[in-house]
Amino acid sequence: MSSATSINALTRGAGLVTATRLLVARQLRYMLRQPVWLASGLMTPLLYLALFSPLLSGLGGALAGTPGYAGGSVIDGFMPGLLVLFAFGTGMGAGWTVIGELNSGVIERFRVSPVSRLAILLGTTVKDAVMFIVPAIIVVAVAAVFGFDVHPAGLLLTFVLLAGLAAAISTFSAAVGLKMKVIGSLAAVITGLQLPLTLLSGVLLPMSLGPKWLSVLAHINPMYYATDAARHLCAGQLDVTAWLGFGVVAAVLALALWWGTRVYSRAVA
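Its first residue numbered 10, the sequence shown is counted upward by one per residue in the working numbering.
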């Protein structure tokens with residue numbers, strides 16, 4: 010569908026599904042015109058895999074018996090955490106995109122359009138979920154060369170889980186960007202949240218290796234449940250931990266969409 014046709018459909022007030030599809034396609038076309046961002050996003054997990062995971066090889070004995078580290082296999086436990094980190098990073102970039110659209114007048118043009126404000130938000134959110142899955146497949150393929158034990162069904166469910174996580178974070182980041190309106194303010198919020206959320210999620214090492222107080226603190230972090238669930242799923246275990254991860258991610262996504270839609274409805278009024 011051409012850009013002119015897309016604009017006409019949105020101007021006429023297309024339904025939620027149609028409008029979301031058109032806006033996702035628009036966002037994806039923009040990303041494909043900027044391949045440097047795709048390459049940059051893909052390099053981060055590959056560098057972690059190549060340069061950080063070898064540092065953990067001496068911890069095999071300490072990790073034996075830890076969920077996701079069957080037999081002390083470092084790569085099998087490290088890879089799911091890396092995918093969580095990838096999903097988090099993919100979603101967090103949404104705020105910068107929204108501020109760019111705000112400064113370029115795109116958001117202003119949406120004010121006079123009858124298109125659903127939820128569809129405008131979903132255009133960014135669904136795009137980021139897709140942008141997580143496609144490069145993640147490449148990263149997993151590389152990890153398999155490093156010895157990652159692939160469980161196809163568990164890996165598929167992991168992608169579903171973490172696409173939801175990327176969508177939730179993207180929704181939050183987009184809404185914060187629309188409220189802040191300034192890149193410096195957005196960067197302060199994102200940077201302030203990024204470090205504690207990632208450190209308390211166990212993406213690099215399981216939280217069970219730390220003191221009890223750190224493990225207790227980690228349980229208030231939604232990313233902790235996603236990381237635990239991803240490790241279980243990648244090990245082929247669809248158990249209570251995995252279902253809890255799905256429940257937490259679904260709840261966070263629903264809350265983010267509710268709040269994000271309110272922010273968009275007020276900003277694009």
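In this text, a Cβ means the ideal position worked out from N, Cα and C, and glycines have one as well.
- When DSSP assignments are scanned along the region 151 to 217, the uninterrupted stretches of alpha helix (DSSP H) that are 4 or more residues long and fall wholly within it turn out to be 161 to 189 and 192 to 208.
- For the set Ala265, Gln246 and Phe157, the Cα lying nearest the Cα of Ser62 is the one of Phe157.
- About 19 Å separates the Cβ atoms of Val169 and Thr133, ruling out a contact at the 8 Å cut-off.
- In the structure shown, Gln36 falls within a helical segment according to DSSP collapsed to helix, strand and coil.
- DSSP places Pro63 within a helical segment (H, G or I) once states are collapsed to three.
- About 6 Å separates the Cβ atoms of Ser210 and Asn230, confirming a contact at the 8 Å cut-off.
- By the 16-neighbour rule on beta-carbons within 10 angstroms, Glu110 is buried.
- Only residues of its own chain outside the window of five on either side were considered, and among them Leu55 and Leu58 have a CB closer than 8 Å to the CB of Val151, listed in chain order.
- The C-beta distance from Ala183 to Val261 rounds to 15 Å, too long to fall under 8 Å, and the pair is not in contact.
- Here Phe97 really is in contact with Met232; their C-beta atoms are around 7 Å apart, less than 8 Å.
- CA-to-CA, the gap between Val225 and Asp237 works out to about 14 Å.
- In the DSSP assignment, Val83 falls within the alpha helix (DSSP H) that extends over Val83 to Met101.
- Going by C-alpha positions, Leu92 is about 7 Å away from Ala145.
- Take Val148, set aside five residues on each side of it, and the residues of its chain with a beta-carbon closer than 6 Å to its own are Pro54, in chain order.
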